[in-house]
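Read in order, the letters of the sequence shown correspond to residues 73 to 162 in the working numbering.
Okay, so here's the structure we're looking at.
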Amino acid sequence: MSAGALGTVPETPRTITVMTRLMQSVIERLRAVPDAQQDQLAAFLLHELEQNERWGETSAGHADALAKLVDKVLADDDRGDCEPLAPERL
């Protein structure tokens, strides 16, 4: 970075240089939340991100099989071989 009026600004990792406006809004709102709740929300978000990564890793190796399964289900539905979902019967 360049030198400013207060001297040289130290280089920092560029981990959060671009963020969506929605995420910026969330971060701003989180600043007003008590620390303990921030930690709970952060733990939840990290868990969700990890699960999403795991899903991507495990499903990537099975993309062809998943595509065939989706095609079969759609074909079955087109033929009328699928019953409508009835949550009250689950």
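Idealized CB from N, CA, C, for every residue including glycine.
If you're wondering where the values come from, they're calculated on a predicted model, not measured in any experiment.
The continuous alpha helix (DSSP H) containing residue 114 extends over residues 107 to 132. In the DSSP assignment, residue 158 falls outside any alpha helix (DSSP H) and carries neither an H nor an E. Taking the Cβ atoms as the reference, residue 102 lies roughly 6 Å from residue 110, within the contact range of under 8 Å. Counting along the chain, residue 147 sits inside the alpha helix (DSSP H) bounded by residues 135 to 150. The continuous stretches of alpha helix (DSSP H) do not include residue 103, and DSSP gives it neither H nor E. Looking at the backbone, the Cα of residue 93 and that of residue 151 are separated by about 45 Å.
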